[in-house]
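Trainee: Handing you a structure now.
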Amino acid sequence: MTTTITLDEALNLSISVLIDNGFSKNHAQSIARVIWACQRDECQSHGLYRLLVCVHTLRSGKVSPDAEPEISDAADTLVRVDARGAYSLLAFDMGRPLLVEKSRRHGMAALAINHCYHFSALWPEIEAIAAEGLVAIAMTPSHSWVAPYGGTKGVFGTNPLAFAWPRPGGQPFVFDFATSAAARGEIELHRRAGKAIPEGWAVDKDGNPTTDAQAAMAGAMLTFGGYKGSALSAMIELMAGPLIGDFLSLESQAYDAGAGATPYHGELIIAIDPKTFMGPDWTRHTDRAEALFEAIIDQGARLPSQRRYEARARSLETGTVTIPAKLYEDILALLK
Ligand code: NDP
Ligand code: PYC
Numbered sequence: 001m002t003t004t005i006t007l008d009e010a011l012n013l014s015i016s017v018l019i020d021n022g023f024s025k026n027h028a029q030s031i032a033r034v035i036w037a038c039q040r041d042e043c044q045s046h047g048l049y050r051l052l053v054c055v056h057t058l059r060s061g062k063v064s065p066d067a068e069p070e071i072s073d074a075a076d077t078l079v080r081v082d083a084r085g086a087y088s089l090l091a092f093d094m095g096r097p098l099l100v101e102k103s104r105r106h107g108m109a110a111l112a113i114n115h116c117y118h119f120s121a122l123w124p125e126i127e128a129i130a131a132e133g134l135v136a137i138a139m140t141p142s143h144s145w146v147a148p149y150g151g152t153k154g155v156f157g158t159n160p161l162a163f164a165w166p167r168p169g170g171q172p173f174v175f176d177f178a179t180s181a182a183a184r185g186e187i188e189l190h191r192r193a194g195k196a197i198p199e200g201w202a203v204d205k206d207g208n209p210t211t212d213a214q215a216a217m218a219g220a221m222l223t224f225g226g227y228k229g230s231a232l233s234a235m236i237e238l239m240a241g242p243l244i245g246d247f248l249s250l251e252s253q254a255y256d257a258g259a260g261a262t263p264y265h266g267e268l269i270i271a272i273d274p275k276t277f278m279g280p281d282w283t284r285h286t287d288r289a290e291a292l293f294e295a296i297i298d299q300g301a302r303l304p305s306q307r308r309y310e311a312r313a314r315s316l317e318t319g320t321v322t323i324p325a326k327l328y329e330d331i332l333a334l335l336k
């Protein structure tokens with residue numbers, strides 16, 4: 001059973017749920033915009049479902065509903081934003097203008113968000129940076145749910161890695177994926193729907209392969225691409241953890257102390273100005289990038305984000321989104 005609501009209702013409902021539960025208007029708007037965009041693009045694991053997670057995290061006393069982020073101009077090529085124990089999205093919104101300005105001035109720059117709770121997909125952030133004509137890379141740890149290749153106990157987070165390449169006159173080339181075989185949110189959605197998960201996503205608490213979503217959540221998730229995903233996941237732990245002076249996924253899990261709240265750590269976002277790197281010949285080089293995309297599409301393969309852009313066009317055309325009826329009921333129950 002599903003429920004269809006308008007895009008306007010999806011946004012207003014998200015803001016109301018967050019404000020009713022105590023989030024400040026600024027936080028509610030930054031969070032709701034990203035949740036809404038994910039639902040519009042049919043990214044179910046990070047769409048309206050995340051309202052349940054945000055409210056649970058607030059009610060467990062973990063996330064600040066109203067801390068104002070503190071921005072510091074840490075170096076020529078580094079912006080730091082201390083989220084001060086609140087969700088990451090307002091910190092990103094506030095740090096982005098200085099990141100863009102520094103990238104244009106110096107060719108590249110990084111934004112380090114510290115001390116944030118982080119629940120969101122990364123593509124809305126890097127898409128916003130690509131809209132400024134910049135290349136972007138983002139990464140973040142989570143909780144230590146994922147076993148390293150060859151092991152059976154959680155060490156890594158689901159650690160998403162996202163990349164955006166701006167394209168002249170078109171939507172950017174974007175990928176954004178967990179370095180685990182699937183995002184934790186996908187397993188949670190399978191559990192809610194009473195469905196088995198595919199083989200290769202997880203092992204149970206005794207280290208045996210499982211397709212049971214509940215057993216997977218009690219055991220350990222597996223990396224994508226075996227040892228390659230495992231190494232990438234370790235890189236994300238290091239780059240968005242110790243490098244920016246913030247928690248590893250293991251430390252986030254320990255800090256959670258069984259609350260089952262959103263992970264608490266940092267995020268690293270890097271922006272690169274292609275005009276600075278490519279020099280005066282930059283249009284020739286962007287044409288060469290376009291030739292790469294054509295070589296992919298011409299043989300019937302698709303670009304990452306094509307499904308998402310098609311979903312976006314569909315949602316904008318109908319003016320609606322569709323979610324499981326039970327999820328809609330659970331969200332309405334959060335209103336006060
Ligand atoms: P998916 O496996 O669903 O998709 C990952 C990427 O691969 C997307 O860019 C997708 O494009 C692309 N893709 C999928 N199929 C194909 C194909 N056949 N050909 C080309 N490209 C393809 O994502 P995950 O489940 O791994 O992650 C989902 C979300 O979860 C991400 O947005 C991530 O940021 C978020 N996440 C957030 C975490 C956090 O701590 N904040 C932790 C882990 C994940 P398309 O969308 O068009 O299908
Ligand atoms: O789906 O793996 C996930 C996730 C973790 C934190 C936010 N999303």
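Reminder that position 208 of the sequence shown reads as 208 in the UniProt record's numbering, one-by-one numbering, no gaps. Each residue gets a CB set at the ideal place from its N, CA and C atoms; glycine is no exception.
Let's test the definition: count the other Cβ atoms within 10 Å of the Cβ of Tyr87 and tell me whether it reaches 16, buried, or not, exposed.
Mentor: In the sequence shown, counting from the first residue as 1, residue 87 sits at position 87. Classification for Tyr87: buried.
Trainee: For the alpha helix (DSSP H) that contains His56, what are its first and last residues?
Mentor: Position 56 of the sequence shown, counted from the first residue, corresponds to residue 56. From DSSP, the alpha helix (DSSP H) with His56 extends over Arg50 to Arg59.
Trainee: For Gln171, report the span of its beta strand (DSSP E) as first-last.
Mentor: The count along the sequence shown starts at 1 and reaches residue 171 at position 171. Gln171 -> beta strand (DSSP E) spans Gly170 to Ala178.
Trainee: Measure from the alpha carbon of Arg80 to the alpha carbon of each residue in Lys326, Gly266, Lys25 and His285, then state which is nearest.
Mentor: Residue 80 sits at position 80 when you count from the first residue of the sequence shown. Among Lys326, Gly266, Lys25 and His285, the Cα nearest to that of Arg80 is on Gly266.
Trainee: Near Leu161, which residues of its chain fall below 7 Å by C-beta distance, leaving aside the five closest residues on each side in sequence?
Mentor: Here residue 161 refers to the residue found at position 161 when the sequence shown is read from its first residue. Closer than 7 Å at Cβ, skipping near neighbours: Met139, Phe177, Thr179, Leu232 and Ile236.
Trainee: Just the C-alpha distance for Ser45 and Gly226, rounded to the nearest angstrom, thanks.
Mentor: Here residue 45 refers to the residue found at position 45 of the sequence shown. Here residue 226 refers to the residue found at position 226 of the sequence shown. C-alpha separation (whole angstroms): 23 Å.
Trainee: For the beta strand (DSSP E) that Ser305 lies in, which residues bound it at each end?
Mentor: Position 305 of the sequence shown holds residue 305. No beta strand (DSSP E) contains Ser305, which DSSP labels as neither H nor E.
Trainee: The ligand PYC and His46: does the residue's C-beta get closer than 8 Å to at least one heavy atom of that ligand?
Mentor: For this step, residue 46 is matched to residue 46 along the sequence shown. Under cutoff, so the answer is yes.
Trainee: Determine the contact status of Ala259 and Thr57, defining contact as a CB-CB distance below 9 Å.
Mentor: The residue labelled residue 259 in the question sits at position 259 within the sequence shown. The residue labelled residue 57 in the question sits at position 57 within the sequence shown. Yes, the pair counts as a contact, with Cβ atoms nearer than the cut-off.
Trainee: Report the residue from Ile331, Ile5 and Asp206 whose alpha carbon sits nearest the alpha carbon of Ala147.
Mentor: Here residue 147 refers to the residue found at position 147 of the sequence shown. Per the Cα distances, Asp206.
Trainee: Verify whether the separation of the beta carbon atoms of Ala136 and Phe163 is less than 9 Å.
Mentor: As a first step, residue 136 must be located in the sequence shown, where it is residue number 136. As a first step, residue 163 must be located in the sequence shown, where it is residue number 163. Against a cut-off of 9 Å, the Cβ pair of Phe163 and Ala136 comes out as a contact.
Trainee: Tell me whether Glu186 counts as near the ligand PYC, meaning its Cβ is closer than 8 Å to at least one heavy atom of that ligand.
Mentor: For the purposes of this step, residue 186 is taken as residue 186 along the sequence shown, with counting starting at 1. Within the cutoff, so yes.
Trainee: Which value, in whole angstroms, describes the spacing of the CA atoms of Ala131 and Arg312?
Mentor: Position 131 of the sequence shown, counted from the first residue, corresponds to residue 131. Position 312 of the sequence shown, counted from the first residue, corresponds to residue 312. Using only the alpha carbons, I get a separation of about 16 Å.
Trainee: In the region 110–177, which residue ranges form an unbroken alpha helix (DSSP H) of at least 4 residues, counting only runs that do not cross its ends?
Mentor: 123–130
Trainee: Quick check on Phe277: buried or exposed, where buried means 16 or more other Cβ atoms within 10 Å of its Cβ?
Mentor: In the sequence shown, the residue the question calls residue 277 occupies position 277. So Phe277 ends up on the exposed side.
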